[in-house]
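Participant:
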Amino acid sequence: MPKRKHTEDGQDKSSGRQVKVALADTSKAAAVPCLATFPGTKPPADTTFHAYRSYDETKDQQRYVRGETEKVEFAGANFGEQAASNLYCKYLVGVYSKSDQTLTVAPAPLMRMRPRVKDQRSSRLDPDAAAAAKADFNKAKSELGMAFGTAKAQRQIRERERNEVSGTEIADVVDDIHAQVKKVAQPTQDEIRETMRADLPIPKHNPDAESPDAIYDIDSIVTESELLALTGKVKELLKAKSEKEVSSALPYTSSQFINSKIWAIVKGEGKKNRERLRLLLYISYLMAYLCNVKAKSLKDRRKIETLMANPPFILIDKMNERYTEKDMRTPFMQDKLQCYLMVLCLSVSNYIIAPDRIAHDLSIKGTQIQKILQNLGCKSRKCTKDEASTWNLKDNAKVFALQTPLKLPDVSRRRK
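Residue numbers for the sequence shown, in our numbering: 33 to 448.
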């Protein structure tokens with residue numbers, strides 16, 4: 033049978049018929065032709081669906097379709113989160129009229145109909161019903177576990193049931209709890225301030241001390257055992273013939289503040305003050321721990337030993353214990369290390385320090401050293417001529433001195 037030939041305008045050459053195509057206006061109608069997909073659950077053929085549209089003329093193409101059976105409801109839309117995604121074409125539905133030889137087409141939005149069980153919907157709307165359903169489920173699950181579960185699973189079920197607290201049990205003791213809370217006295221501002229000061233990163237101190245050397249407890253910073261462990265190192269220092277040899281024998285070579293004090297004792301005549309030498313040497317080790325041992329090296333014991341010029345083991349153990357938390361130097365521990373170091377430096381310099389000298393030795397900003405000294409209770413003043421000459425300072429340079437009675441600054445920040 034030969035194929036029919038059609039012209040471009042829709043006319044059938046063999047029959048002489050011409051089909052007209054018309055576009056239906058559905059912008060104001062709610063019930064429009066729709067194409068729907070039903071993932072998972074397919075409704076019966078006799079299910080009735082209703083379409084809805086917005087009264088907003090700017091949204092006249094948006095449609096919402098809903099239908100339901102006895103147990104399941106279906107809903108879909110061509111806008112918002114319910115709209116079908118990744119659509120690369122539009123659909124049209126047409127009706128052909130033989131009498132008029134007309135094909136009327138209308139846009140057909142695609143709906144992804146999502147099923148929802150009515151029982152689940154009612155549980156979400158009714159919190160009491162949902163709670164009751166959950167309780168029934170947990171009870172059935174526990175009974176099943178006790179009947180067929182392992183010994184370990186049964187033990188966990190019994191422990192969970194024993195630890196559960198019902199609302200009625202709590203209600204019985206609420207009044208007693210409220211009564212006990214009212215009895216607790218509110219702390220005063222002074223008590224709060226003292227509690228916060230106790231958590232400052234400064235050494236143990238005596239606020240009633242009458243002299244600077246009695247304010248801070250040096251034994252809380254470094255123990256006698258740590259200092260005695262440096263006896264062998266001190267003997268080596270005493271053999272030095274120059275300040276350069278002293279500096280090369282120290283774990284931290286960049287501190288002129290410490291180097292000059294050690295050389296002054298080594299070159300002096302008569303009996304050497306070995307106790308003071310041990311303390312100065314410990315300060316040098318503490319400076320090396322602060323400046324040479326970075327945060328990322330704290331978990332590597334051998335690297336710490338190398339960076340600190342192989343100190344006695346007890347020094348590393350105690351420093352890690354005092355100035356780290358789980359092998360980490362937190363901001364609080366960093367502040368603590370710097371405060372403890374400054375107290376030791378004060379103790380070997382008659383409790384007077386030129387902050388610029390220490391800042392230069394440690395490569396720390398002078399303002400930061402000044403802040404630490406202020407937090408320790410030091411007051412600033414201009415240096416005297418003798419101090420300027422002894423410490424090689426400029427005239428009227430600023431120095432900080434620890435004074436009594438001890439007055440710590442107001443606490444304005446919390447521990448981090």
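For each residue, glycine too, the CB sits at the ideal point set by N, CA and C.
What three-state label does DSSP hand Ser-155 in the structure shown?
Facilitator: Unreliable positioning characterises Ser-155 in this predicted model, as indicated by a pLDDT of 49, which lies under 50. The coordinate reading is nonetheless provided below. DSSP places Ser-155 in helix when its eight states are reduced to three.
Participant: Taking the straight line between their C-alpha atoms, what separation do you get for Lys-335 and Ser-329?
Facilitator: Approximately 7 Å, taken between the alpha carbons.
Participant: How far does the beta strand (DSSP E) with Arg-95 in it extend, from its first residue to its last?
Facilitator: 95 to 100
Participant: Using DSSP bridges, identify the partner residues of Glu-105.
Facilitator: Glu-100, Arg-148
Participant: Helix, strand or coil: which one does DSSP assign to Ser-243?
Facilitator: coil
Participant: Would you kindly check if the distance between the Cβ of Tyr-355 and the Cβ of Pro-369 is under 9 Å?
Facilitator: A small correction: the amino acid at residue 369 is Leu; Pro does not occupy that position in the sequence shown. Their beta carbons are under 9 Å apart, which means Leu-369 touches Tyr-355 by this criterion.
Participant: Pull up the distance between the alpha-carbon of Ser-155 and that of Lys-166, whole angstroms please.
Facilitator: Confidence in Ser-155 is poor, its pLDDT being 49 and thus under 50, which makes the residue's placement too unreliable to answer from.
Participant: Under a Cβ-count criterion, where at least 16 other Cβ atoms within 10 Å of its own Cβ denotes burial, should Ser-287 be classed as buried or exposed?
Facilitator: Sixteen is the threshold: when 16 or more other Cβ atoms of the shown chains lie within 10 Å of the Cβ of Ser-287, as they do, the residue is buried.
Participant: Check the C-beta distance from Arg-187 over to Leu-259 and give it rounded, since I have them as a contact under 8 Å.
Facilitator: Cβ atoms of Arg-187 and Leu-259 stay farther apart than 8 Å, at about 55 Å.
Participant: Comparing alpha-carbon positions, which option in Gln-402, Val-53, Thr-58 lies nearest Ser-89?
Facilitator: Per the sequence shown, the amino acid found at residue 89 is Glu instead of Ser. When only C-alpha atoms are compared, the closest one is Thr-58.
Participant: Rounded to the nearest angstrom, what separates Lys-397 and Ser-292 at their Cα positions?
Facilitator: Cα to Cα, the separation comes out at about 22 Å.
Participant: Assuming Arg-148 and Val-104 form a contact by the criterion Cβ under 8 Å, report the distance between their Cβ atoms to the nearest whole angstrom.
Facilitator: 7 Å
Participant: Could you have a look at Cys-377 and say whether DSSP puts it in helix, strand or coil?
Facilitator: helix
Participant: Measuring alpha carbon to alpha carbon, tell me which of His-392, Ala-54, Ile-290, Arg-95 ends up nearest Ser-86.
Facilitator: Ranking His-392, Ala-54, Ile-290, Arg-95 by Cα distance to Ser-86 puts Arg-95 first.
Participant: Please report the distance separating the alpha-carbon of Lys-426 from that of Asp-332.
Facilitator: Counting only the Cα atoms, Asp-332 lies some 43 Å from Lys-426.
Participant: What first and last residue would you give for the alpha helix (DSSP H) that runs through Leu-232?
Facilitator: In the DSSP annotation of this structure, Leu-232 is not part of any alpha helix (DSSP H), being labelled neither H nor E.
Participant: If the criterion is Cβ atoms closer than 9 Å, does the pair Arg-308 and Val-380 meet it?
Facilitator: yes
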